[in-house]
Amino acid sequence: MMGLASRALAHFEARTTDLAEEVMQNPVEAYTDPERYAREREIIFKTLPLGLALSLELPEPGSYKAMTVLETPLLIVRGEDGTVRAFLNVCRHRGARLKPDGCDQARVFSCPYHAWVYDTTGALIGCYGEDTFGDINHADYGLTGLPCAERCGVIWVVLDPRGVLDIDEWLGDFAAELDTLKLSEWHLHEQRELPGPGWKVTIDGYLEVYHHNQLHGQTVGQMTVGNLLVLDTYGPHQRLTFGRKTLGSLAGQPKEDWQPDEHVRLIHSCFPNLSISGILGDHCLVSQIFPGPNPDSTITVQSVLAAEKPVTDQEKKQTETFSEMVLTAVRDEDYPVGFGIQAAIHSGANKHFVYGRNEAAVQNYHRWVARFMEHGV
Ligand code: FES
Ligand SMILES: [Fe+2]
Numbered sequence: 032m033m034g035l036a037s038r039a040l041a042h043f044e045a046r047t048t049d050l051a052e053e054v055m056q057n058p059v060e061a062y063t064d065p066e067r068y069a070r071e072r073e074i075i076f077k078t079l080p081l082g083l084a085l086s087l088e089l090p091e092p093g094s095y096k097a098m099t100v101l102e103t104p105l106l107i108v109r110g111e112d113g114t115v116r117a118f119l120n121v122c123r124h125r126g127a128r129l130k131p132d133g134c135d136q137a138r139v140f141s142c143p144y145h146a147w148v149y150d151t152t153g154a155l156i157g158c159y160g161e162d163t164f165g166d167i168n169h170a171d172y173g174l175t176g177l178p179c180a181e182r183c184g185v186i187w188v189v190l191d192p193r194g195v196l197d198i199d200e201w202l203g204d205f206a207a208e209l210d211t212l213k214l215s216e217w218h219l220h221e222q223r224e225l226p227g228p229g230w231k232v233t234i235d236g237y238l239e240v241y242h243h244n245q246l247h248g249q250t251v252g253q254m255t256v257g258n259l260l261v262l263d264t265y266g267p268h269q270r271l272t273f274g275r276k277t278l279g280s281l282a283g284q285p286k287e288d289w290q291p292d293e294h295v296r297l298i299h300s301c302f303p304n305l306s307i308s309g310i311l312g313d314h315c316l317v318s319q320i321f322p323g324p325n326p327d328s329t330i331t332v333q334s335v336l337a338a339e340k341p342v343t344d345q346e347k348k349q350t351e352t353f354s355e356m357v358l359t360a361v362r363d364e365d366y367p368v369g370f371g372i373q374a375a376i377h378s379g380a381n382k383h384f385v386y387g388r389n390e391a392a393v394q395n396y397h398r399w400v401a402r403f404m405e406h407g408v
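In our numbering, each residue's number is its place in the sequence shown (first place is 1) plus 31.
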């Protein structure tokens with residue numbers, strides 16, 4: 032953290048920022064072409080591990096989360112042995128959905144249609160009226176499992192049952208960075224879904240601080256230094272460090288006295304769609320951006336975390352203030368601009384979009400998209 036604060040302070044004093052080599056152009060078709068989009072959804076979102084749940088959402092054996100991701104119904108369950116497993120939330124008899132979306136506790140999963148029963152490992156343990164149903168081998172009718180791993184307080188899942196998941200390889204050195212957040216120890220205050228513009232339009236806004244003074248002048252921009260980015264990359268994953276407005280106060284202070292985490296703000300961006308943003312020291316915003324069926328829409332799941340469960344009125348108020356501020360910044364500032372971009376994207380005004388040298392994380396993101404599309408995963 033000291034190193035990051037030093038790098039941020041050097042930029043602050045020199046009015047500079049980390050820079051990419053060059054300005055980069057990306058054809059607008061990368062944002063609009065429906066065929067390309069369909070391929071990108073298959074290769075990037077259905078082959079790579081996605082951070083779909085937080086460990087703290089499944090606190091004990093029998094905790095489960097049912098959710099729908101890219102039109103795929105999932106059931107993520109912590110078993111009696113503590114291991115988290117992921118399944119398609121689809122009964123193996125005639126395909127009914129086992130649980131409606133949401134988090135809860137269950138010892139078994141009983142299908143609402145004809146009451147077949149599965150345990151927390153996905154095994155079929157009961158088949159109502161089996162004498163009349165006829166012989167079936169239970170082992171052939173367990174829930175369809177998906178590759179799943181729990182690491183760094185996040186549950187990672189590959190949406191394709193035939194897929195593979197090597198989470199250590201996927202996260203690489205980024206795992207150690209994510210571990211510093213101690214994500215599993217936070218308290219989930221609130222979770223909500225926000226409709227947003229297209230995937231790339233949306234994600235671009237999470238990867239730069241160039242827009243903060245202008246667009247977020249009344250909200251999160253009040254806390255961050257606009258256009259100051261310290262960037263570290265870990266394969267396709269990125270850690271963005273922003274300076275807080277107090278950063279300049281470090282100048283002239285002996286380094287022994289620095290409290291660096293009060294003066295910088297970290298965003299851990301896990302490719303392709305998870306952003307973990309510590310905006311104020313004891314609050315954190317986790318954003319998951321899920322591409323819609325078409326290139327022009329997404330759903331963002333915002334999870335607001337507090338370091339400790341707020342107890343006193345003052346703590347509750349602080350957490351609520353944080354929650355409202357990030358909601359306002361995203362729903363009322365970022366996404367209206369994004370919807371505007373989306374509405375005019377076919378206007379012909381731009382043949383390409385251009386990413387500045389100061390938007391290095393945006394550049395990296397699009398290069399990694401291109402790389403996965405070209406070489407596979
Ligand atoms: S569809 Fe589930 S028991 Fe029939
Ligand atoms: Fe923004």
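Glycine is no exception: its CB is placed at the ideal position from the N, C-alpha and C atoms.
Quick one: give me the first and last residue of the alpha helix (DSSP H) that residue i is part of.
i      : result
Asn258 : Element bounds for Asn258: not the alpha helix (DSSP H) but the beta strand (DSSP E), 255-265.
Gln394 : 391-406
Glu216 : No alpha helix (DSSP H) contains Glu216, which DSSP labels as neither H nor E.
Phe273 : No alpha helix (DSSP H) holds Phe273; the beta strand (DSSP E) holding it covers 268-275.
Val232 : 230-237
Tyr68  : 65-71
Ser37  : 33-45
Leu209 : 205-210
His243 : 243-246
Can residue i be considered in contact with ligand 1, in the sense that its beta carbon sits closer than 6 Å to one or more heavy atoms?
i      : result
Arg128 : no
Tyr144 : yes
Cys122 : yes
Arg125 : yes
Trp147 : yes
Could you tell me the boundaries of the beta strand (DSSP E) in which residue i lies?
i      : result
Asp199 : Asp199 -> not in any beta strand (DSSP E); alpha helix (DSSP H) instead, spanning 198-202.
Ala84  : 81-85
Gln56  : 55-58
Arg296 : 295-301
Arg182 : 179-182
Trp187 : 185-188
Would you please state the rounded distance, in angstroms, between the beta carbons of residue i and residue j? I believe it to be under 8 Å.
i      : j      : result
Leu271 : Ser300 : 6 Å
Thr352 : Ala337 : Wrong, their Cβ atoms sit about 11 Å apart, outside the cutoff.
Glu239 : Ala392 : 6 Å
Cys142 : His124 : 7 Å
Thr103 : Val408 : 18 Å between Cβ atoms; not a contact.
Leu105 : Leu119 : 7 Å
Cys441 : Tyr159 : Nothing in the structure corresponds to residue 441, since the chain is present only between 32 and 408.
Val188 : Pro92  : In fact, because the Cβ distance is near 19 Å, the residues do not count as touching under 8 Å.
Val115 : Glu181 : 5 Å
Cys183 : Leu214 : 6 Å
Ser334 : Gln222 : 5 Å
Gly369 : Pro226 : With 8 Å as the limit, Gly369 and Pro226 do not qualify as a contact, their Cβ atoms being about 11 Å apart.
Trp399 : Phe302 : 6 Å
Pro322 : Pro65  : In fact, because the Cβ distance is near 12 Å, the residues do not count as touching under 8 Å.
Val121 : Thr175 : 7 Å
Ile74  : Phe403 : 6 Å
Val108 : Thr151 : 5 Å
Thr25  : His377 : What is shown of the chain runs 32 to 408, which leaves residue 25 out entirely.
Glu364 : Leu246 : 5 Å
With a threshold of 7 Å between beta carbons, is residue i in contact with chain D?
i      : result
Cys179 : Note that chain D does not occur in the displayed structure, where there is just one protein chain.
Please enumerate, following chain order, all residues with a beta carbon closer than 5 Å to at least one heavy atom belonging to ligand 2. Working through the chain, the matches are Gly236, Asp365.
Ignoring anything shorter than 3 residues, give me the beta strand (DSSP E) runs that lie fully in the region 317-383, in order along the chain. 329-337
Just to confirm the assignment: which complete beta strand (DSSP E) runs, minimum length 3, are found wholly within the region 90-175? Listed in chain order, they are 94-100, 103-109, 115-119, 133-136, 139-141, 148-150, 155-157.
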